[in-house]
Amino acid sequence: MLPITLKIVAADGRIRQAATAEGPVHLIYRAPYEPGDRLVLDAGAPGRHLVVQLEDTMPPALLYGAEAQLCFPVPFGDAAIVYSPKAFSGDCHVLRARPAAPAETAARRSLAFNPYDLHSPTGWYPHARANVETRGEAVFAARNAIDGVWENDGHGLWPWQSWGINRDPNAALTVEFGRPVRVEEIRLTLRADFPHDSWWTAATAAFSDGSRERLSLRKTVVIPPRTVTRLTLCELQKADDESPFPALTQLEVWGTDTPM
């Protein structure tokens with residue numbers, strides 16, 4: 023079995039602490055993080071499924087690494103407001119990672135869930151990106167739509183971060199899976215901070231295989247299964263109301279990994 027390494031790396035490249043194991047690995051760091059610190063996960067090789075928990079106040083997530091290494095900058099300032107105020111704070115931190123069991127990768131689950139996604143691609147999936155994000159602010163970034171936080175009765179800093187479209191009628195959000203997956207169900211949680219918010223009544227899911235599904239946004243949508251590497255939510259149809267601010271709180275894409 024390939025070793026897995028967790029490291030905390032300072033801004034100047036110094037390794038503050040590291041831990042390596044061939045199975046589950048954990049790192050306990052008893053000091054406050056400093057600006058510029060990075061949490062680094064080295065899977066030993068690309069193409070691995072790992073269950074990753076880079077912050078003990080956040081849930082673990084089953085991720086796929088197309089690259090061998092994941093680098094997660096510790097958030098400070100504006101970058102931190104999409105996380106709980108308890109996250110990455112204090113002077114004791116626990117990081118964990120382990121190989122995903124075959125039963126876990128084969129299980130039906132939300133293939134879009136990744137609370138450790140970043141605005142820029144990392145080579146680890148799933149990854150969300152969009153052609154527009156309101157004012158470029160972290161609280162309206164595409165990654166917020168796959169972080170597993172469903173609170174939708176407000177907008178702004180955590181726990182009400184969302185994908186905001188800056189009133190753009192051509193807004194589109196793409197979730198990349200990094201490898202072929204079999205998708206069969208889509209669940210959307212729209213932001214509902216009324217009367218500030220509007221909402222969408224319909225949208226289109228466009229898949230990497232060229233297929234498309236028009237979605238009526240009232241219930242969970244079960245779609246004919248297909249094997250794809252990405253999904254784009256587009257052609258968003260706004261409701262006929264006075265507010266110009268529809269937004270997306272969560273996008274779930276349910277299905278399974280395909281044998282590799």
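For the numbering used here, count along the sequence shown from 1 and bump the result up by 22.
The beta carbon of each residue, even a glycine, is placed where N, CA and C say it ideally should be.
| Between the C-alpha atoms of V161 and L179, what's the straight-line distance to the nearest angstrom? | Mapped onto the sequence shown, residue 161 falls at position 139. Mapped onto the sequence shown, residue 179 falls at position 157. Cα to Cα, the separation comes out at about 6 Å.
| Nonlocal neighbours in the same chain, by C-beta distance under 7 Å from T211, ignoring five residues either side | Here residue 211 refers to the residue found at position 189 when the sequence shown is read from its first residue. Within the same chain, T211 has close Cβ partners W172, N174, T271, Q272.
| Three-way DSSP call (helix, strand, coil) for T196 in this model | Walking along the sequence shown from the start, residue 196 turns up at place 174. Reduced to three states, the DSSP call for T196 is strand.
| field | DSSP three-state assignment for V250, whether helix, strand or coil | value | Residue numbering aside, residue 250 sits at position 228 when the sequence shown is read from its first letter. If DSSP states are grouped into helix, strand and coil, V250 belongs with the strands.
| query | Apart from the five residues on each side of it in sequence, which residues of its chain come closer than 6 Å, Cβ to Cβ, to E89? | reply | The sequence position of residue 89 within the sequence shown is 67, counting from 1. Cβ within range, chain order: P68, G145.
| task | Output the distance between the C-alpha atoms of S265 and Y51, rounded to the nearest integer angstrom. | result | Indexing the sequence shown from 1 puts residue 265 at position 243. Indexing the sequence shown from 1 puts residue 51 at position 29. Answer to the nearest angstrom: the Cα atoms are 46 Å apart.
| query | Taking 8 Å as the CB-CB limit, is P54 close to chain D? | reply | Looking for chain D here will not work: only one protein chain is present.
| task | Just the C-alpha distance for S106 and W182, rounded to the nearest angstrom, thanks. | result | On the sequence shown, position 84 is the one that residue 106 refers to. On the sequence shown, position 160 is the one that residue 182 refers to. Computed Cα separation, rounded: 11 Å.
| said: Going by DSSP, what residue range makes up the beta strand (DSSP E) through P121? | reply: As a working mapping, residue 121 is identified with position 99 in the sequence shown. That run of the beta strand (DSSP E) goes 115 to 121.
| request: Express the C-alpha separation of V197 and V62 in angstroms, rounding to a whole number. | output: Mapped onto the sequence shown, residue 62 falls at position 40. Mapped onto the sequence shown, residue 197 falls at position 175. Going by the C-alpha atoms only, they are around 23 Å apart.
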